[in-house]
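Residue numbers (the numbering used here), protein chains in the order written: chain V, 43 to 631; chain L, 8 to 100.
Written out as structure tokens, the structure reads:
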């Protein structure tokens, strides 16, 4: 925006991963490059404009060539696609046609290129095969690089960040975050997204602050601007004064000290004042995060998301690829349990080689167990990997997005077939592996008593359960504020699942974000939950809270909670009953 | 269609698993660019320029698709044969 205005300003967004960071902004602005002006070129200048375009193509190719050359050994397998990109630069349909448009329509090169690319994208729109349709992105990558060279914007290759920065982006796709050198990132802020967005999950995983849903951060903030990110309050301070910086530095020090204290005591079991023990486990996405679960005192892994190993590649991974990774996690965690959730593709985690981008409503589409049952070979490859890993520790397998008994029976049948195939090959595995399902669709709550007959445990995935029950997309800023896990309907649903679990004598775990907020502990304890799983960084604070509570009091408190008709009613009696304890736990950070 | 007698064609089939994605398309275009005349790929009446990766990609050919390769000038017989050889070995995939 304005170059002159350097006075301090505060931008408010949705609070994400907690923590504070102060540093230089690094703008990852792929959208920005798309804001292209059209202007006409005088006839005598047309030659220069074409030359300018050719130079941008040449520079783009040179940049890509050096990226290929510098690619580290472990990324060699991805280089093939970049070599194909090299050939695209001079492709008639891109190169030739852009020059034609510059000359015929007498317009600037950026506009001509944009026009060509949008025509090409249009042609790809009609392709029904998702993999081939996805190839449009190859062309977009190439044209983006040419455009950046035309408009003189630096390369936004996020893999090339060479200092510790705060990433500022419109939104980050899983593909973007997979190429970031994460140790160079202090924090994330994004224009879009909500608490459950991929960027926030990554931020929580890394234990760095994140603020989302800022609307126009990418237009207000420039690279190298000094900013402060306060994840917990959802605030970004742009051009802070020295005074503000000093204040936040103090807060940061306090926060880190507080974290250190609770982390130290978090290695002890979480027992309430009246000696009720809860298992507090970690959710992970990358095998490396096991370390974080252990450091934070996790009693196991309650949710191992397995989508990550399927991303950044061209074809589905095979059993051996997966097995190696699972085994590592299982061995590091043993004898504590590791619950592996089978593939849960969803809207923002579609793979290029099998995307469902033609679905208008992916959250209600072919995802998770539905996708797996439709692709039994892909599913069995994963099930075999999980079974093989079960020989190395305490493994549980869990199916996501179950909405009917047929899905459970069918999934178990495929598990049985996988086991038989392994058996024939003489591979070892645990034949009595515990099988569970995610309870995250309202129909599964209603049918809990029926489903319980088929499984060894339930895991309540509150993020999706709240989203599907309240019909709210948290990524949508207009309704995100209506999303609340302490909605009376949600509490009643959780209660039903826990009650069924007790009656049928099967274990009930909660692995959504609801389980990771210390604030919810009186209610969860009152409901009788005894296993929780959360981002590893939340484990210490949750354990700390549990130690301050009393199970008998909590269950009495729950009867009052169940009498409340609204979220605000629930919040207000919580404040009354637990205000002091909740405040102690919330003051810092 | 008056010069159709001079044209050469050859029928090919896609053998590799992922179909005509960017890499095979680039291989085809590289060879086609050496031709003196136009090189076409035709499927169900849809005709694309084989010297353009993008044009080839828009044909969206999956494994098992049959395609007619065509060169406008008989002197490009080698180009035609070389491209057809690429198809036969599944683009080395």
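The beta carbon of each residue, even a glycine, is placed where N, CA and C say it ideally should be.
Strand pairing of residue 18 of chain L, partner residues [DSSP]: Translated into positions along the second chain, residue 18 of chain L becomes position 11. Answer by DSSP bridge pairing, in chain order: L:75.
CB contact check: residue 353 of chain V to chain L, cutoff 9 Å: Sequence index remark: in the first chain, residue 353 of chain V carries index 311 (1-based). No, residue 353 of chain V lies away from the interface with chain L (no Cβ there is under 9 Å from its Cβ).
Backbone secondary structure at residue 501 of chain V - three-state DSSP: Counting from one through the first chain, the residue named residue 501 of chain V turns up at place 459. DSSP places residue 501 of chain V in strand when its eight states are reduced to three.
Residues that DSSP places opposite residue 47 of chain L in a beta bridge: Within the second chain, the letter at position 40 stands for residue 47 of chain L. According to DSSP, which records beta bridges pairwise, residue 47 of chain L is partnered with L:56 and L:77.
For residue 123 of chain V, the nearest candidate out of V:144, V:137, V:107 and V:371 (CA to CA): As a working mapping, residue 123 of chain V is identified with position 81 in the first chain. Closest option to residue 123 of chain V, Cα to Cα, is V:107.
Selection of the segment 45–61 of chain L by Cβ proximity to chain V, strictly under 9 Å: 56, 58, 59, 60 and 61
N-terminal and C-terminal residue of the alpha helix (DSSP H) that residue 587 of chain V is part of: For the purposes of this step, residue 587 of chain V is identified with residue 545 of the first chain, where counting begins at 1. From DSSP, the alpha helix (DSSP H) with residue 587 of chain V extends over 581–590.
Where residue 166 of chain V meets chain L, residues with beta-carbon distance less than 7 Å: By 1-based counting over the first chain, the position of residue 166 of chain V is 124. Chain L residues near residue 166 of chain V: 65.
Distance, residue 260 of chain V Cα to residue 76 of chain V Cα: Residue 76 of chain V sits at position 34 when you count from the first residue of the first chain. Residue 260 of chain V sits at position 218 when you count from the first residue of the first chain. The pLDDT assigned to residue 76 of chain V is 46, lower than 50, so where the model puts this residue is not dependable, and the model offers no usable value.
Presumed contact (8 Å Cβ cut-off) between residue 280 of chain V and residue 267 of chain V, rounded CB distance: What you label residue 280 of chain V is simply residue 238 of the first chain in a count that begins at 1. What you label residue 267 of chain V is simply residue 225 of the first chain in a count that begins at 1. Correct: roughly 6 Å between the Cβ atoms.
Near-chain L residues of the segment 170–188 of chain V - C-beta to any C-beta below 7 Å: 171, 173, 174, 177, 180 and 181
Chain-ordered residues of the segment 128–149 of chain V with a beta carbon less than 7 Å from chain L: 129, 130, 133, 134, 135 and 136
Cβ separation of residue 64 of chain L and residue 32 of chain L, assumed to be a contact under 8 Å, to the nearest whole Å: Residue mapping note: residue 64 of chain L aligns to position 57 of the second chain, counting from 1. Residue mapping note: residue 32 of chain L aligns to position 25 of the second chain, counting from 1. Confirmed, about 5 Å.
Residue-chain proximity (residue 162 of chain V, chain L), Cβ-Cβ < 9 Å: Residue mapping note: residue 162 of chain V aligns to position 120 of the first chain, counting from 1. Yes, because at least one Cβ of chain L sits closer than 9 Å to the Cβ of residue 162 of chain V.
Chain-ordered neighbours of residue 123 of chain V on chain L, where CB pairs are closer than 8 Å: As a working note, residue 123 of chain V is residue 81 in the first chain. Here the neighbours are 29 and 30.
contact_flag[the segment 136–151 of chain V, the segment 27–41 of chain L] where n(CB pairs < 8 Å) is 3 or more: no
Chain-order list of residues whose beta-carbon lies under 6 Å from that of residue 387 of chain V (same chain, five-residue window excluded): Sequence index remark: in the first chain, residue 387 of chain V carries index 345 (1-based). For residue 387 of chain V, where only same-chain residues beyond five positions count, the Cβ hits under 6 Å are 409 and 413.
Residues bridged to residue 379 of chain V (per DSSP): If you number the first chain from 1, residue 379 of chain V lands on position 337. Residue 379 of chain V pairs with V:436.
Members of the segment 291–316 of chain V near chain L, C-beta cut-off 7 Å: none
7 Å CB neighbourhood of residue 58 of chain L in its chain, flanking five on each side removed: The residue given as residue 58 of chain L occupies position 51 in the second chain. For residue 58 of chain L, where only same-chain residues beyond five positions count, the Cβ hits under 7 Å are 36, 39, 40 and 46.
Selected residue, minimal CA-CA separation from residue 524 of chain V, among V:609, V:318, V:93 and V:190: On the first chain, position 482 is the one that residue 524 of chain V refers to. It is V:609.
Per-residue contacts from residue 97 of chain L into chain V (C-beta, under 9 Å): Position 90 of the second chain, counting from 1, holds the residue named residue 97 of chain L. Per Cβ cutoff of 9 Å: no residues; residue 97 of chain L is ~15 Å from chain V at best.
Length of the line joining the Cα atoms of residue 66 of chain V and residue 232 of chain V: Within the first chain, numbered from 1, the residue matching residue 66 of chain V stands at position 24. Within the first chain, numbered from 1, the residue matching residue 232 of chain V stands at position 190. Distance between the alpha carbons of residue 66 of chain V and residue 232 of chain V: 15 Å.
Nearest neighbour of residue 624 of chain V, chosen from V:583, V:139 and V:316 [CA to CA]: As a position in the first chain, residue 624 of chain V is number 582, starting the count at 1. Nearest option by C-alpha distance: V:583.
Identity of the residues DSSP links to residue 549 of chain V by a beta bridge: Position 507 of the first chain, counted from the start, is the residue given in the question as residue 549 of chain V. Answer is V:499, bridged to residue 549 of chain V.
Within-9 Å CB hit, residue 381 of chain V to chain L: As a position in the first chain, residue 381 of chain V is number 339, starting the count at 1. No, residue 381 of chain V lies away from the interface with chain L (no Cβ there is under 9 Å from its Cβ).
Beta-bridge partners of residue 576 of chain V, as assigned by DSSP: Translated into positions along the first chain, residue 576 of chain V becomes position 534. V:324.
CA nearest to the CA of residue 446 of chain V, picked from V:478, V:573, V:473 and V:486: On the first chain, residue 446 of chain V is found 404 positions in, with the first residue counted as 1. With distances taken between Cα atoms, residue 446 of chain V lies closest to V:486.
Contact under 9 Å by Cβ, residue 575 of chain V with residue 381 of chain V: In the first chain, residue 575 of chain V corresponds to position 533, counting from 1. In the first chain, residue 381 of chain V corresponds to position 339, counting from 1. Their beta carbons are under 9 Å apart, which means residue 575 of chain V touches residue 381 of chain V by this criterion.
Simplified DSSP assignment, three categories, for residue 280 of chain V: To locate residue 280 of chain V, count along the first chain from 1; it is residue 238. Looking at residue 280 of chain V - three-state DSSP - the assignment turns out to be strand.
Proximity below 9 Å, CB of residue 345 of chain V to CB of residue 326 of chain V: Taking the first chain and counting its residues from 1, the one referred to as residue 345 of chain V is at position 303. Taking the first chain and counting its residues from 1, the one referred to as residue 326 of chain V is at position 284. Yes, the Cβ-Cβ distance between residue 345 of chain V and residue 326 of chain V is below 9 Å.
C-beta neighbour in chain V for residue 71 of chain L, strict 9 Å: Along the second chain, one-based indexing puts residue 71 of chain L at 64. False, the Cβ-Cβ gap to chain V never drops below 9 Å.
Range covered by the beta strand (DSSP E) that runs through residue 254 of chain V: Position 212 of the first chain, counted from the start, is the residue given in the question as residue 254 of chain V. Segment 252–254, the beta strand (DSSP E) holding residue 254 of chain V.
Under 8 Å from the C-beta of residue 42 of chain L: neighbouring residues of chain V: As a first step, residue 42 of chain L is located in the second chain; it is residue number 35 there, counting from the start. Under the 8 Å cutoff, chain V gives no residues; its nearest Cβ is about 13 Å from residue 42 of chain L.
Positions along the segment 12–28 of chain L whose CB lies within less than 9 Å of some CB in chain V: 24, 25, 26, 27 and 28
Residue closest to residue 587 of chain V, alpha-carbon to alpha-carbon, out of V:508, V:367 and V:305: In the first chain, residue 587 of chain V corresponds to position 545, counting from 1. Nearest of V:508, V:367 and V:305 to residue 587 of chain V, Cα basis: V:305.
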